[in-house]
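Here's the structure we're looking at; comments come further down.
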Amino acid sequence: VDLFMMMTYDYSSGRKSAEGGPSAPISWMTQSVLNLIPPSQRANVNHRDHKILLGLNFYGTTYCSEGSSNILGKDFIELLETYHPTVKWNSEYSEHYINYNHEDIDWVAYYPTLKYIDDR
């Protein structure tokens, strides 16, 4: 095997709650990769030696008590322009998110940002 590609997103896929959840918490991503590397080979090794490619999401997810749906960049921008929410950073997950209310239903949307990508 020359390379192994691991898709590390959709962690909270399918949740039905106004709290929603992260797409790819950094601790979960890290542990997923470490599970592929024998413990004896984890220390003092060049990260490129393992040849694991980490798949990142380039879409977000919006959640409410009735379900969730994926959103693209244009959808996230529309949410920002329509509801003017404060973009918040969840340091536990290393992801940005917003809260907004649409038709008397509370929603939360997680979307990958440059910081999200840089942290990974």
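Heads up: the sequence shown is residues 1379 to 1498, going by the working numbering.
Think of the CB as a built atom: it goes at the ideal place given N, C-alpha and C, for glycine as much as any other residue.
The model shown is predicted, which means the values in this text are computed figures rather than measured ones.
query: 3 or more residues per run - each beta strand (DSSP E) lying fully within the stretch 1439-1477; result: 1445-1449, 1466-1468
query: Proximity to serine 1447 [Cα-Cα], best of Met1383, Gly1398, Gln1419, Asp1380; result: Gly1398
query: Through-space distance from leucine 1414 to aspartate 1380, alpha-carbon basis; result: 15 Å
query: Alanine 1402 versus tyrosine 1475 - alpha carbon distance; result: 12 Å
query: Segment limits, alpha helix (DSSP H) that includes valine 1486; result: It is not in any alpha helix (DSSP H) - valine 1486 instead sits in the beta strand (DSSP E) that spans 1483-1489.
query: Same chain only: Cβ atoms within 8 Å of serine 1443, ignoring 5 sequence neighbours per side; result: Lys1394, Ser1395, Ala1396, Ile1483, Asp1484
query: Cβ-Cβ separation, isoleucine 1495 to leucine 1434 (assumed contact under 8 Å), whole Å; result: 6 Å
query: Three-way DSSP call (helix, strand, coil) for isoleucine 1404 in this model; result: helix
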